[in-house]
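Participant: Heads up: the sequence shown runs through residues 0 to 184, numbered per numbering that gives the first Met the number 0.
Backbone N, C-alpha and C fix where the C-beta goes; we use that ideal spot for every residue, glycine too.
Just so we're clear, the structure is a prediction, and the values are computed from it rather than from any experiment.
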Amino acid sequence: MRIYSNFEKSRAEIAEEIESGAVFVYPTDTIYGIGCNALDSFAVNQVRKIKQRTGKPFSVIAPSKEWIRNNLVVNKKYEKYLDKLPGKYTLIFEIRNSGCISKEVSKKTLGVRIPNHWISKFAEELGFPIVTTSANVSGKKNITKISEIGKKLAKMIDFAIDEGTIDGKPSEVIDLTGKKAVKSR
Numbered sequence: 000m001r002i003y004s005n006f007e008k009s010r011a012e013i014a015e016e017i018e019s020g021a022v023f024v025y026p027t028d029t030i031y032g033i034g035c036n037a038l039d040s041f042a043v044n045q046v047r048k049i050k051q052r053t054g055k056p057f058s059v060i061a062p063s064k065e066w067i068r069n070n071l072v073v074n075k076k077y078e079k080y081l082d083k084l085p086g087k088y089t090l091i092f093e094i095r096n097s098g099c100i101s102k103e104v105s106k107k108t109l110g111v112r113i114p115n116h117w118i119s120k121f122a123e124e125l126g127f128p129i130v131t132t133s134a135n136v137s138g139k140k141n142i143t144k145i146s147e148i149g150k151k152l153a154k155m156i157d158f159a160i161d162e163g164t165i166d167g168k169p170s171e172v173i174d175l176t177g178k179k180a181v182k183s184r
């Protein structure tokens, strides 16, 4: 696993790697995430292996609110929830356009984030969604710094973007697919 400690200096190289299917760890406004290009089925399956997680859908960092509106079903009564973005929220909507992500990410609903962090601007520049899930094995402690990534996981990750210690909590999840908004952590 390569470590980038200066994102701006390595921006073009990082973008090229993500477009080519790299699996990477990156900072957000909450915790470190692990992800990949959400359109790349092979890369998404690599994230599943790392997370030791089968079946359960992943969320994505959406390139923009416009992308959310164009690809997901945003009921008028839930439109106000988009005002929470950017922020520490994952909003779950039904998928309208099945081609907006790889089917390995999710099939019927999709959790979307727009973190209040530079990673969101980067996703917007890339123009495609990035898988976002905590950078750990499912059920294990969230990592707060890159040095906490174990050797076994590091061998499965192409690169990490180091932004020092991030000791936050995962985003609040709000399911907007039913008659009422349902909040969880």
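So for LYS140, helix, strand or coil by DSSP?
Facilitator: The residue you call residue 140 lines up with position 141 of the sequence shown. If DSSP states are grouped into helix, strand and coil, LYS140 belongs with coil.
Participant: Any idea what DSSP makes of SER9, helix, strand or coil?
Facilitator: Within the sequence shown, numbered from 1, the residue matching residue 9 stands at position 10. It is helical.
Participant: For ILE160, does the count of other Cβ atoms within 10 angstroms reach 16, so buried, or fall short, so exposed?
Facilitator: Within the sequence shown, numbered from 1, the residue matching residue 160 stands at position 161. ILE160 is buried by the Cβ-count criterion.
Participant: Note down, in chain order, each residue of its chain lying with its Cβ closer than 7 Å to the Cβ of GLU162, except the 5 sequence neighbours on either side.
Facilitator: Sequence index remark: in the sequence shown, residue 162 carries index 163 (1-based). Taken in chain order, the residues that qualify are PRO26.
Participant: Please say whether ALA134 and TYR31 have beta carbons closer to each other than 8 Å?
Facilitator: Along the sequence shown, read from residue 1 onward, the residue named residue 31 stands at position 32. Along the sequence shown, read from residue 1 onward, the residue named residue 134 stands at position 135. The answer is yes: Cβ separation under 8 Å.
Participant: Can you check which of these residues, SER40, LYS154, VAL46 and ALA11, is closest to THR132 by C-alpha distance?
Facilitator: Working through the sequence shown from its first residue, we reach residue 132 at position 133. Among SER40, LYS154, VAL46 and ALA11, the Cα nearest to that of THR132 belongs to VAL46.
Participant: Once DSSP output is grouped into helix, strand and coil, what is the label at GLY20?
Facilitator: On the sequence shown, position 21 is the one that residue 20 refers to. Correct three-state label for GLY20: coil.
Participant: Would you say GLY163 lies against chain B (beta-carbon separation less than 8 Å)?
Facilitator: In the structure shown, chain B does not exist; there is a single protein chain.
Participant: Label PHE23 either buried or exposed according to how many other C-beta atoms from any shown protein chain fall within 10 Å of its C-beta, with 16 as the threshold for buried.
Facilitator: For the purposes of this step, residue 23 is taken as residue 24 along the sequence shown, with counting starting at 1. Buried, by the Cβ-count rule.
Participant: Rounded to the nearest angstrom, what separates LYS87 and GLY167 at their Cα positions?
Facilitator: Position 88 of the sequence shown, counted from the start, is the residue given in the question as residue 87. Position 168 of the sequence shown, counted from the start, is the residue given in the question as residue 167. Their Cα atoms are separated by approximately 10 Å.
Participant: Taking the straight line between their C-alpha atoms, what separation do you get for SER137 and SER97?
Facilitator: Locating residue 137 in the sequence shown gives position 138, where the first residue counts as 1. Locating residue 97 in the sequence shown gives position 98, where the first residue counts as 1. A direct Cα-to-Cα measurement between SER137 and SER97 gives close to 26 Å.
Participant: The alpha helix (DSSP H) that contains PRO55, what's its start and end?
Facilitator: Within the sequence shown, the letter at position 56 stands for residue 55. Reading the sequence as shown, one finds Lys at residue 55 and not Pro. From DSSP, LYS55 is part of no alpha helix (DSSP H); its letter is neither H nor E.
Participant: Helix, strand or coil, according to DSSP, for ALA134 in the structure here?
Facilitator: Here residue 134 is taken as the residue at index 135 of the sequence shown, counted from 1. The answer is coil: DSSP assigns ALA134 none of H, G, I, E or B.
Participant: Quick one: Cα of ARG68 to Cα of LYS139, how far?
Facilitator: Here residue 68 refers to the residue found at position 69 when the sequence shown is read from its first residue. Here residue 139 refers to the residue found at position 140 when the sequence shown is read from its first residue. Near 33 Å, if we compare the C-alpha coordinates of LYS139 and ARG68.
Participant: Along the alpha helix (DSSP H) that carries SER40, what are the first and last residues, could you check?
Facilitator: By 1-based counting over the sequence shown, the position of residue 40 is 41. Residues 40-50.
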